[in-house]
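Comments concern the structure below.
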Amino acid sequence: MTKTIRVEIWSDIACPWCFIGKHRFDAGVAAFRADHPEVSFEVSSHSFELAPDTPLDFQGSEVEFLVQHKGMPADQVEQMLGQMTELAASEGLEFDFTQVKHANTRRAHRMLHLAREQGVQAAVQERLFKAYFGEGQDMSDADTLARIGAEAGLDADQVRAALNDDAYGAKVDADITRAQMLGVTGVPFFLLESKYGISGAQTADAFQGAFAQVLELEAEASAAS
-8 MTKTIRVEIW SDIACPWCFI GKHRFDAGVA AFRADHPEVS FEVSSHSFEL
42 APDTPLDFQG SEVEFLVQHK GMPADQVEQM LGQMTELAAS EGLEFDFTQV
92 KHANTRRAHR MLHLAREQGV QAAVQERLFK AYFGEGQDMS DADTLARIGA
142 EAGLDADQVR AALNDDAYGA KVDADITRAQ MLGVTGVPFF LLESKYGISG
192 AQTADAFQGA FAQVLELEAE ASAAS
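Each residue of the sequence shown is one higher than the one before, starting from -8 at the first, in the numbering used here.
Now the structure itself:
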């Protein structure tokens, strides 16, 4: 008998742990499906802004933002980002914080909602992560987002329209409100079957264990009803 596990993920494309978490989650799904081919996954991503107070026209690096706007010591920031770069490399991901342009990500979230409507959300999100952490592209620039969206399967003109469409802004706000109602204070956050929460960038093995547990709990609930 086939079974679909529904997964909702809250993340921000400027969150390094979200990129690592997505990579680990995808690996966990692939491994689990290899052992359980009867199980499929329905995955959707939701908006969460880690730094909504970032000015839309902010021009500066990640280091400059954390030092100037968050008051963190520069040496501490450099050490933290260096460790994150090494961790990402061990996961097969390229982070280059010497190029990262810290940005307000609200426009990128609007584009992700457009991508969800058109069935290419996963591809667009992956492209955004790589553009931000590995290529130093500006996630608040409309032309940059339109080009990135086109590279991942969207129409560039539709992307530009979505960036200025209040309806997509409302979708972003609705995601953030729902996260607050769920008590989400950090990302990534994974919600399985609308009731089982997983916080943080867990390992692929941990995700596989969670999938198995969810199937067991759902089967028990179905048998008891």
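For each residue, glycine too, the CB sits at the ideal point set by N, CA and C.
(request) Output the distance between the C-alpha atoms of S190 and R24, rounded to the nearest integer angstrom. (result) Start at 1 with the first residue of the sequence shown, and residue 190 comes out as number 199. Start at 1 with the first residue of the sequence shown, and residue 24 comes out as number 33. Whole-angstrom Cα-Cα distance: 22 angstroms.
(request) Please state if the CB of A99 and the CB of L119 are separated by a distance shorter than 7 angstroms. (result) On the sequence shown, residue 119 is found 128 positions in, with the first residue counted as 1. On the sequence shown, residue 99 is found 108 positions in, with the first residue counted as 1. A contact, by the Cβ cut-off of 7 angstroms.
(request) Note down, one range per segment and in chain order, each beta strand (DSSP E) of at least 3 residues found wholly within the stretch 18 to 98. (result) 30 to 38
(request) Could you tell me how far apart the beta carbons of S81 and D166 are, in whole angstroms, since I believe they sit closer than 8 angstroms? (result) Within the sequence shown, numbered from 1, the residue matching residue 81 stands at position 90. Within the sequence shown, numbered from 1, the residue matching residue 166 stands at position 175. Actually they do not touch by this definition, with Cβ atoms about 30 angstroms apart.
(message) Can you find the residues in the same chain that come closer than 6 angstroms, C-beta to C-beta, to A114, ignoring five residues on each side of it along the sequence?
(response) Position 123 of the sequence shown, counted from the start, is the residue given in the question as residue 114. Once the five neighbours on either side are set aside, the close Cβ partners of A114 are A143 and G144.
(request) Count the C-beta pairs between the stretch 175 to 185 and the stretch 4 to 20 that are closer than 8 angstroms, then say yes if the count reaches three, no if not. (result) yes
(request) Throw me the rounded Cβ distance for the R15 and F198 pair, which I believe falls under 8 angstroms. (result) Indexing the sequence shown from 1 puts residue 15 at position 24. Indexing the sequence shown from 1 puts residue 198 at position 207. Yes, they are in contact, since the Cβ atoms of R15 and F198 sit about 7 angstroms apart, within 8 angstroms.
(request) Could you check what DSSP says for E184 in three-state terms: helix, strand or coil? (result) For the purposes of this step, residue 184 is taken as the residue at position 193 of the sequence shown. Coil.
(message) Assess contact between the stretch 101 to 112 and the stretch 64 to 72, defined as three or more Cβ pairs (one per stretch) separated by less than 8 angstroms. Is contact present?
(response) no
(request) Check the Cβ-Cβ distances between H104 and every residue of chain D, and say whether any is below 7 angstroms. (result) No chain D appears in the structure shown, which is made up of a single protein chain.
(request) Could you tell me how far apart the beta carbons of Q149 and L103 are, in whole angstroms, since I believe they sit closer than 8 angstroms? (result) The sequence position of residue 149 within the sequence shown is 158, counting from 1. The sequence position of residue 103 within the sequence shown is 112, counting from 1. About 13 angstroms separates the two Cβ atoms, so there is no contact after all.
(request) For my contact list, A237 and W1 are in at a C-beta cut-off of 8 angstroms; report their separation, rounded to the angstrom. (result) The question about residue 237 has no answer, for the chain in this structure spans -8 to 216.
(request) Could you check which residue in I11, F10 and A18 has the C-alpha nearest to that of G200? (result) Within the sequence shown, numbered from 1, the residue matching residue 200 stands at position 209. Per the Cα distances, A18.
(request) Could you tell me whether the Cβ atoms of E33 and R(-3) are closer together than 7 angstroms? (result) Taking the first residue of the sequence shown as 1, we reach residue 33 at position 42. Taking the first residue of the sequence shown as 1, we reach residue -3 at position 6. Going by C-beta atoms, E33 is nearer than 7 angstroms to R(-3).
(request) Kindly provide the ranges of any alpha helix (DSSP H) runs that are 4 or more residues long and lie completely inside the stretch 131 to 214, ordered along the chain. (result) 133 to 142, 147 to 154 and 157 to 173
(message) Bridge partners for S216 per DSSP, in chain order?
(response) On the sequence shown, position 225 is the one that residue 216 refers to. DSSP output for S216 lists no bridge partner at all.
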